[in-house]
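Residue numbering for the sequence shown follows our numbering, beginning at 10 and increasing consecutively.
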Amino acid sequence: MSVIRASGLKKTFRTGFLMRQVEAVRHVDLDVAKGSIYGFIGPNGAGKTTCIKMLTGLIRPTAGEAWINGLPVSDPDSRRGLGFLPEGTFFHEYLTGAEFLDFHARLLNLPASVRRERIPALLERVGIGHAADLRIRRYSKGMRQRVGLAQTLIGDPDVLILDEPMSGLDPLGRRDVRDLILSLRDDGKTVFVTSHILGDAELICDHVAIILGGRIVSEGCLDELLGKEVAGVEVVVEGISEALFEELRTGATRAVSQGSRFLFEYADEAQAEKAVDTVRSADGRLRSLVPRRRSLEELMVADIEREKERAG
10 MSVIRASGLK KTFRTGFLMR QVEAVRHVDL DVAKGSIYGF IGPNGAGKTT CIKMLTGLIR
70 PTAGEAWING LPVSDPDSRR GLGFLPEGTF FHEYLTGAEF LDFHARLLNL PASVRRERIP
130 ALLERVGIGH AADLRIRRYS KGMRQRVGLA QTLIGDPDVL ILDEPMSGLD PLGRRDVRDL
190 ILSLRDDGKT VFVTSHILGD AELICDHVAI ILGGRIVSEG CLDELLGKEV AGVEVVVEGI
250 SEALFEELRT GATRAVSQGS RFLFEYADEA QAEKAVDTVR SADGRLRSLV PRRRSLEELM
310 VADIEREKER AG
């Protein structure tokens with residue numbers, strides 16, 4: 010069942026002194042399955058936020074159609090059951106975290122009994138329960154992002170659209186948000202998420218679309234896009250000489266000296282195994298050997314290069 014669907018979405022703006030037409034989004038098709046985490050990936054200016062604004066009814070498409078839960082996005086009822094976290098959320102800084110959530114819960118006409126139970130639970134869930142009574146003006150950027158996530162969840166929506174939800178978070182915070190998004194999927198919710206942190210997107214997404222220049226250039230299940238074949242093998246060793254390091258880097262696609270440790274990356278397992286045998290014969294120590302598949306970053310870079318060739 011498709012929860013978010015779009016067909017031929019297009020958005021044209023007029024900009025500059027001469028009001029020239031700029032095609033921000035070009036014939037985008039989307040099909041987001043119920044209960045999935047769908048990653049919408051692309052560099053700055055690719056058209057991600059413009060697409061999201063069309064899906065949430067903030068701007069109208071120049072052409073094409075979109076639906077949420079079977080209702081056209083032009084119908085306000087399509088936004089019932091939808092939670093939206095925009096990038097660069099505005100906050101009422103004079104309110105505390107709890108007051109901020111209470112304000113938005115009242116806008117949704119949630120009963121007082123529900124608000125009393127849900128607000129502290131959500132603040133704990135996003136990791137800022139200790140700051141419930143602290144004014145938002147004293148929140149760090151990461152704390153603001155967390156309270157924004159809590160506000161997105163206040164109405165217990167079935168569909169969530171999250172624009173850069175891990176922006177401004179430290180590694181621990183990003184891990185917490187990743188875990189939260191995965192738990193939302195486990196609860197049967199559908200999450201449409203954008204992120205410029207491709208490693209995080211790769212860890213959580215079931216399905217990915219890469220958008221470049223307002224057009225989707227790659228789309229599919231993550232395993233299908235990245236493939237299951239080994240794209241390289243990373244080997245970390247210790248206890249080898251500089252001379253052996255120079256020998257082993259021959260044939261490696263990457264070689265890095267990290268103090269007493271040395272990292273090598275080889276194109277295939279046979280080369281990696283040969284290097285490990287050489288290290289052991291020289292009484293060196295193997296610390297790790299990790300096969301690596303193609304990454305989402307490599308896929309997007311390849312798409313960008315292909316689009317450059319196509320345009321040139």
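Where is the CB? At the ideal position from N, CA and C, for every residue including glycine.
- Within the model, the alpha-carbon separation for T65 versus T71 is close to 15 Å.
- Proximity to I77 across I68, R69 and L91 peaks at L91, based on C-alpha coordinates.
- Burial is judged here by how many other beta carbons sit within 10 angstroms of a residue's own beta carbon; R187 has at least 16 and is buried.
- Relative to L207, the option among V200, K20 and I219 whose CA is nearest is I219.
- Short of 7 Å from the beta carbon of D142, and not among the five residues preceding or following it, lie these beta carbons of its own chain, in chain order: T105 and A107.
- The residue among E314, S269, A279 and V217 with its C-alpha nearest the C-alpha of L39 is V217.
- Shown here for E32: same chain residues with a beta carbon closer than 8 Å to its own, the five before and five after excluded, namely K19, K20, T21 and G223 in chain order.
- Ranked by Cα distance from G236, the first of R301, D277 and R69 is R301.
- Spatial neighbours of D209 in its own chain (CB-CB distance under 7 Å, excluding positions within 5 residues in sequence) are listed in chain order as M175, R183 and R187.
- Its Cα nearest to that of D179, the residue K150 stands out among K150, L308 and V82.
- DSSP places R258 within a helical segment (H, G or I) once states are collapsed to three.
- Excluding its 5 nearest sequence neighbours in each direction, L117 has C-beta neighbours in its own chain below 8 Å: I163 and G164, listed in chain order.
- Per the Cβ contact rule, the segment 186 to 204 is in contact with the segment 48 to 63 (3 or more Cβ pairs under 8 Å).
- For I61, the closest alpha carbon among the candidates I145, E173, E211 and I313 is that of E173.
- Shown here, F26 sits in coil according to DSSP, grouped into three states, outside any helix or strand.
- As a beta-bridge residue in DSSP terms, L91 pairs with V168.
- Residues of the same chain with a CB within less than 8 Å of the CB of K198, apart from the 5 flanking positions on each side, are G44, P166, D167, V168 and L169 in chain order.
- When the Cα atoms are used, R258 and D232 turn out to be separated by approximately 30 Å.
- Residue burial is scored here from C-beta neighbours: E211 has at least 16 other C-beta atoms within 10 angstroms and is therefore classed as buried.
- Rounded to the nearest angstrom, the gap between the Cα atoms of E126 and R14 is 34 Å.
- In this structure T24 is exposed. Its beta-carbon is surrounded by fewer than 16 other beta-carbon atoms within 10 angstroms.
- For D40, the secondary structure class from DSSP, reduced to helix, strand or coil, is strand.
- When rounded, the separation of the alpha-carbon atoms in N53 and V226 is 15 Å.
- At a Cβ-Cβ threshold of 9 Å, V246 and V299 do not count as neighbours.
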